[in-house]
Structure formats: C-alpha cells, structure tokens
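Below is one structure, written out as structure tokens; comments come after it.
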Amino acid sequence: MELICPAGTPSSFREAVEAGADAVYCGFRDETNARNFPGLNFELSELREAIGYARARNVKTFVALNTFMTAGKEDLWYRRAHEATDAGAHALIVADFGLMAHVAERLPQQRLHISVQASASNPDALSYLVENFNAQRVVLPRTLTISDIARISRRVGCELEVFVFGGLCVMAEGRCSLSSYATGKSPNMNGVCSPASHVRYRQAGSDMMSELGSFTINRFSANEPTGYPTLCKGRFEIAESKTYAFEDPVSLDVMDQLDELRAAGVKALKVEGRQRGKAYISEVVSTLRATLNAAAPERAALMSRLKALSEGQQTTHGAYEKRWR
Amino acid sequence: MTSSLKLTLGPLLYLWSTARWRDFYFQIADEAPVDVVVVGETVCSKRLHFMESEFAAVVERLEAAGKEVRLSTLALVTLDREASYQRSLVDDDTRLVEANDLSALQMLKGRSHAIGPFVNVYNGAAAKVLARNGAREICLPPELPAASVAEITKSCPGIGFELFAFGRIPLAISARCAHARSKGRTKDNCQFVCQEDPDGLLVNTLSGQPFLALNGVQTVSHSCQALLDEPGETLSLGIRSLRLSPQNCDMSAVARVYRDLLDSSIGSEQAAFRLRDIHPDLPLSNGFHHGRAGAEWIARLRNAEGLAR
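As given, the protein sequences belong to chains A and B, one line each in that order. Just so you know, our numbering puts 268 at position 258 of the first sequence, and the rest follows in order with no gaps. Just so you know, our numbering puts 64 at position 54 of the second sequence, and the rest follows in order with no gaps.
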C-alpha cells in the first residue's frame, strides 16, 4: 500500500519525501484547495520545484483542487488544473463534477483522483465517477467500516485510498455547512473550516471561552487545556447535559489495522495534516513508513513514538469500527 | 397577479409516527397550495418501515389533489440494503426521482430526474454535467449565495432551478448518530429516539444560545431559513420554484404565506411576520443567501430603497 503524505509548505514537502512518502499531496495558494489557510500552500514555481525534487527521488506528487468551483470564477480552477498537469503532477485530486468533466475532456492523459470531498461512499457512486470521468482512484469518506470498504473494493474498477492518520471529520466530508452557518466560510466554497479569522477567546471568570463567529464552541475551566474551536469538536448543551455532542477532540489512527485494510483491497493510505509544521510531518511520516515496513508484532511499539505528538489527545478508529456510530 | 413561480414541499426530514406522517400529507393534499410534493425518507434508512404501510395511500391522495409527487432518495448511502432501496425507487418510472447522492445519479443515468439539495452544485459546469445525465430540476445547496445562484441559472437555461426557501437548514450528515448518542444510545441500537423530537433536538451553546438541532444522523440549523424576496427578484435570479421544508408547524399556512408572497398580495415583511406567528419557536435566517453566516437574518433595507426612489 502506498503512503500518501501532506505538505503545506515546500519545506514540509521535502521532509515528507525524505521521510519515506510514496506520494505527497499539496495545493495552490488560493481557494482551489481545501486547506486555504494563511501562510500555507504553493505558488506555481514552488510546485514545479517540489514535483521535480520528488520525481528525482521516485516520489509522486498529487495536487489537490478539491474545493467546489465558485460560479462565474471557474477559470481559476481550470487554469490550476492545466498548470499542475504541465508541472508534472502525477494526479489531480478533484471534488467538483464540473472540474472532473473538464479534466476528463481537456486533460485526458492526466490521472484523476476523486477527493474525499466528493463523498463517494458506495459502489454505485464510484461507478458513476469511473464511467463519467475516468476516475482512477477514489479517496473514501470517513463514514465506512473496513468491511464496507472491502465490499466496495470487490465491485469497482478503480483504486481506493483511505485516511489512516490525523484529523478526523465527524461529518461526511464535502457535505458539511456547519462552518459557514457560523462564519460564512465553508470547506466547500472557501477551503476553510472553522477559520481562525472568526475565532475569539474570551475570559469568563476563571473559565476560558472559545468562540466561532457569534457562537460559543467550548468553555474550559482553569485546569483544562484550551482547544481550538473546530465546530464539530465543540462542547454543547443538549437537554441540560453539557457534552461533546458530535465528537471528542480526538484524532484518527487506524495504523493497527494495516492487514485488514490491505485485505480489504485498499491501495493507498492517506495522512491528514497539510496545516502541520515540518517537524510534525517528518516525525509522523517516518514513523508511519517504518510501521508500514514492519512485521505486525512490531508495529504498536513503532507507533507509540507518535504519542508524544498528540500529548493528552486520544485517538480513535472512527467510522472504521462499527460501534463508533 | 399570479407569478409563474412554483412551490415544492421538500421531503419531511424528521421521523414522525406513521399516523402523523400520513395525516400530515393528507392535510397537505387537501389544503396546501403547493405544486410539487417530494415524499420519502432522506436522512436515515433505519426509518424506512415507518412510512411503508401508508406510502401508497399518501401518494394517491396527493396525486388525486393534483400535486406532482416526486420520490426522495437517501442522502448518505453506505450499505447494500440502502442501495437496493434506492434501486427499488428508481424502478418506479412513473414519477420523477430526486437524487441526493452519487449512487442515485448512477441509477438514474439517461432518465429524467431531479436533484435534491444534498448534491453539490456550486457552479454551472457541475449543473451541466448533471443535466447530461438526465437532471431537469435542481434544488441548489442551501449554503449557495444569491450571486452564485444567478451565475448558475444564467449558464443553464434549460434546467428548472429551485431554492431552499423555508425550513431548518440541513447542515451536515454523519455515519454517527449524535441524536442517539445524546440519549445514551448508538446508531445500531437507537430505538428510534429521534422520533421524540419532531423538529429535531435543540443544541445550545455553553452560553445558552440556541445553535443547532439534531435529526438522527443529520445536523440542522436552529434557525429557520426564510428566503422572502419579492417574486420579481426571485424570477430575476432565474429561479422557477421555492422549496418549503416541513417543520413541526402548520405547513399549509406556511405554503399560503409563500403563495401570497409570490402572488404579490403581501410583501416580504408581512411574510416574515406571518411565518414568525406560525412557528414562534424558530428565529428566521437568510444569511447564506446574502453570502454571510447562515445563521444571520438580513432585514430588507427599506430606508435605502426609499432613498433610491
């Protein structure tokens, strides 16, 4: 199985390559990708250079064009698709039907990967994407169990990629407007979720409140660490009980299920985290590479190296395990 | 003046008891001035059996009353039995089926169909792809700003476009059931606790501010989206119909408000006033339409208009 690693900056990109990624994914510095954060992503010249650097080391580059095109401004997405192709990207990761059609018609030689944002969660959906756009690979949403994935894999004619490590969307990706309901900015339209521009921390007595837009997302007592107010990881009040209504502040880790994922027919393992710094990328990618190369009994010890990076944070198998539902 | 704009009653997104579900649609058939009614479970396949026994009677009653009935499909399909259910709906070739997931697009290929608000259509290029597959009516995603709506309709004159004009806004769907979890259960042993909350279960912030509502695996807004443009404005956006999404209130009365608005017998302000009277618990919002946070309510700038005149 291939290891697909994130890069938010040229230096993280090189770290990911050096640390053993089979492919690195990244995006342009604009709203054409779903990690449109200040200070992140690549100018065209930086992308060209990164692709060359990776190619010389036999590593692939996937370019994420995984937001939905703004009506009337489609040319920006089309131009980025052509630029990435000309720069030598091995694949484009696309979420929008209109962009998929454009790539299939105008760039038929370019490998097309379907972003998790397209929300293809069953064999019929994947067949639609393969037949209409010649999709070569689909990144599956984090709504499926491993046995669901095995069932899909037996029935479709494309490669499957799944998330194994990093941030966890609780909601079906590409179908969530929670962020824009509170801030006006959404993953689908703007490439951001719970954007920092709309975050405020406010002291309330000895408590710290975190707010997104005009809504309180969490309230921390003095002895609790203050977390970032990602909307679906917030604490809310339902019928007088105060609780993490959707998900605790956990991250995904299914590296202990490698054999099951391989048996399910998964072709590639994806790591979330383009917003992460290069030290994190280096540590995570090298550890995942070592774990992937190791025999099953040795994997847990290798993965325990990453505990320090997620200090105090729990990990979950998420939807891969049925009882998470 | 009667405008050419139509009203569509969207699928009931919540779980109501079988009898209540049937009576709701019987009343719609008898009283509500809507042209199209979309019927069928959209949120959770575990609920399907609740409407099974009355489904044919409801469809018959609606059609006898002159409504066009469309069949809704599931917004999130992961299981084989969910795919089989979709296929059984598609086999009914006498009614327009509304696709809410990519799987339905595959099953409906080459046949006339409608697209529900759960399929991502953010631009004309995407709408054209769907039209080539057989889509002839598209309800646009609720988060789409009016500026995008105008661009899309302009570039696809052959498609009938609809806006999500009334109802709590569907914001997210998950494999996990937050509704069941909030009542100490999981999705697999939920015992249909979502039936206890016919308008969804309120989620307050820790500051006590109403924010969202849980509807099984779906999360909806606390506020009720209310697009109350004058008919001329809606027509100039290239829209052919408005969707009213059922809430736990007198939906026939809601439909009459929108009909009066579209017929220009009342204005936006009076429409908002009447909607607040029909469902006093739900604040109105229209922020998405204005490219703002969805929760916001942007009042019409009467004074500015007055100055312009």
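Ideal Cβ placement from N, Cα and C applies to all residues, glycine included.
Span of the beta strand (DSSP E), counted from its first residue to its last, around Met218 (chain A):
Counted as a single uninterrupted DSSP element, the beta strand (DSSP E) harbouring Met218 (chain A) occupies residues Asp217 to Leu222.
**Request:** Check whether the Cβ of Thr95 (chain A) lies closer than 8 Å to any Cβ atom in chain B.
**Result:** Not an interface residue.
* Asked: Whose Cβ in chain B lies nearer than 8 Å to the Cβ of Arg173 (chain A)?
  -> A quick correction: the sequence has Phe, not Arg, at residue 173 (chain A). Residues of chain B passing the Cβ test: none, with the nearest at roughly 13 Å.
For this session: Round the Cβ separation of Arg58 (chain A) and Ala114 (chain A) to the nearest angstrom and send it over; I've been treating them as touching at under 8 Å.
Result: About 24 Å separates the two Cβ atoms, so there is no contact after all.
Practice prompt. Could you check how far apart the C-beta atoms of Val202 (chain A) and Lys280 (chain A) are, in whole angstroms? I think they sit under 8 Å.
Written response: Contact annotation, Val202 (chain A) with Lys280 (chain A): C-beta distance approximately 20 Å; criterion of less than 8 Å not satisfied.
Review point. Mind checking Asn46 (chain A): buried by the 16 CB within 10 Å criterion, or exposed?
Key: Label assigned to Asn46 (chain A): buried.
Next item on the list: Quick one: give me the first and last residue of the alpha helix (DSSP H) that Gly170 (chain B) is part of.
Entry: For Gly170 (chain B), no alpha helix (DSSP H) segment is defined; the enclosing uninterrupted segment is the beta strand (DSSP E) at Gly170 to Ile183.
Query raised in the report: Among A:Gly194, A:Lys277 and A:Asp106, which has the Cα closest to the Cα of Val209 (chain A)?
Result: The residue from A:Gly194, A:Lys277 and A:Asp106 with its alpha-carbon nearest to that of Val209 (chain A) is A:Gly194.
Practice task
State the start and end residues of the unbroken beta strand (DSSP E) segment that holds Glu336 (chain A).
Solution key: A question about residue 336 (chain A) goes unanswered here, because the residues of chain A that appear run from 11 up to 335.
ask   = Which of helix, strand or coil does DSSP assign to Pro16 (chain A)?
value = Strand at Pro16 (chain A).
Practice item. Can you grab the Cα-Cα spacing for the pair Arg152 (chain A) / Glu183 (chain A), in whole Å? Key: Each residue's alpha carbon lies about 8 Å from the other.
Quick one, which of A:Thr253, A:Arg286 and A:Arg272 has its alpha-carbon nearest Leu302 (chain A)'s?
-> Measuring from the Cα of Leu302 (chain A), the nearest candidate turns out to be A:Arg272.
- Query: From Ala124 (chain B) to Arg97 (chain B), what distance separates their C-alpha atoms?
  - Reply: So the alpha carbons of these two residues sit roughly 15 Å apart.
Practice prompt. Please go through the same chain and pick out, in chain order, the residues whose beta-carbon is closer than 8 Å to the beta-carbon of Leu254 (chain B), but skip the five residues on each side of it.
Written response: The answer, listed in chain order, is Leu17, Thr18, Leu19, Gly20, Val44, Ala175, Phe176, Gly177, Met261, Val264, Ala265 and Tyr268.
| query | Would a check of beta-carbon distances place Lys243 (chain A) closer than 8 Å to chain B? | reply | No, no contact with chain B.
Determine, using beta carbons only, whether His92 (chain A) comes closer than 8 Å to chain B. His92 (chain A) does not count as touching chain B.
Q.
Within 10 Å of its beta-carbon, does Asn233 (chain A) have 16 or more other beta-carbons around it, so buried, or fewer, so exposed?
A. Under this definition Asn233 (chain A) is an exposed residue.
Q) Taking the Cβ atom as the reference point for each residue, do Asn228 (chain A) and Ser216 (chain A) lie within a distance shorter than 8 Å? A) No.
Between the alpha carbons of Ala255 (chain A) and Ser275 (chain B), how many angstroms are there, rounded? Straight-line Cα distance between these residues: approximately 44 Å.
Could you work out which residues of chain A lie near Asp291 (chain B), taking near to mean beta carbons separated by less than 7 Å?
Going along chain A, no residue has its Cβ under 7 Å from Asp291 (chain B), so there is no contact; the nearest lies around 16 Å.
Report the residues of the stretch 186-198 of chain B with a CB closer than 7 Å to any CB of chain A, ordered along the chain. Going along the stretch 186-198 of chain B in chain order, one finds Arg186, Cys187, Ala188, Ser192, Thr196, Lys197 and Asp198 with a Cβ nearer than 7 Å to chain A.
Nonlocal neighbours in the same chain, by C-beta distance under 7 Å from Gly316 (chain B), ignoring five residues either side: Note on Gly316 (chain B): pLDDT 40, under 50, position unreliable in the model; no value is reported.
inquiry  = Just checking: is the beta-carbon of Ser278 (chain B) within a distance shorter than 8 Å of some beta-carbon in chain A?
reply    = No, because no Cβ of chain A sits closer than 8 Å to the Cβ of Ser278 (chain B).
C-alpha gap between Val148 (chain A) and Ala74 (chain B), whole angstroms | Going from the Cα of Val148 (chain A) to the Cα of Ala74 (chain B) covers about 45 Å.
Fill in: Span of the alpha helix (DSSP H), counted from its first residue to its last, around Asn258 (chain B)
Unbroken run through Asn258 (chain B): none, as it is neither H nor E.
> If you draw a straight line from the C-alpha of Arg319 (chain B) to the C-alpha of Thr244 (chain B), how long is it?
Replying inline: For Arg319 (chain B), the predicted structure reports a pLDDT of 35, less than 50, and the residue's modelled location is therefore unreliable. A value from the coordinates is still provided. So the two alpha carbons sit approximately 21 Å from each other.
Nearest by alpha-carbon distance to Arg185 (chain A): which of B:Leu173, B:Asp111, B:Gly194 and B:Asn133 is it? The residue with the shortest Cα to Cα distance from Arg185 (chain A) is B:Asp111.
Using a Cβ cut-off of 8 Å (strictly closer), state whether Glu293 (chain A) contacts chain B. Not one beta carbon of chain B lies nearer than 8 Å to the beta carbon of Glu293 (chain A).
Range of the contiguous beta strand (DSSP E) that encloses Arg272 (chain A): Here Arg272 (chain A) belongs to no beta strand (DSSP E); instead the alpha helix (DSSP H) covers Leu268 to Ala273.
Indicate whether at least one CB of chain B lies closer than 8 Å to the CB of Glu247 (chain A). Chain B contact via Cβ: present.
Checklist entry - Secondary structure at Lys119 (chain B), three-state DSSP: helix, strand or coil? => result In the displayed model, Lys119 (chain B) falls within coil according to three-state DSSP, outside both helix and strand.
Which word fits Lys164 (chain B), buried or exposed, when buried means at least 16 other C-beta atoms lie within 10 angstroms of its C-beta? Exposed, by the Cβ-count rule.
* Which residues in the same chain as Ile162 (chain A) place their Cβ atom closer than 6 Å to its Cβ, once the five residues preceding and following it in sequence are excluded? -> Only Pro133 meet the Cβ criterion.
CB-CB under 7 Å to Ser21 (chain A), same chain, minus the five flanking residues each way: which ones, in chain order?
Close CB contacts of Ser21 (chain A) within its chain, under the 7 Å cut and outside five residues either way in sequence, are with Lys288 (chain order).
Do you know whose CA, among B:Ile179, B:Ala182, B:Val203 and B:Ile183, lies nearest Ala190 (chain B)'s CA? Cα-wise, what sits closest to Ala190 (chain B) is B:Val203.
Can you say whether Phe283 (chain B) is buried or exposed, counting buried as having 16 or more other CB atoms within 10 angstroms of its CB?
-> With fewer than 16 other Cβ atoms within 10 Å, it is exposed.
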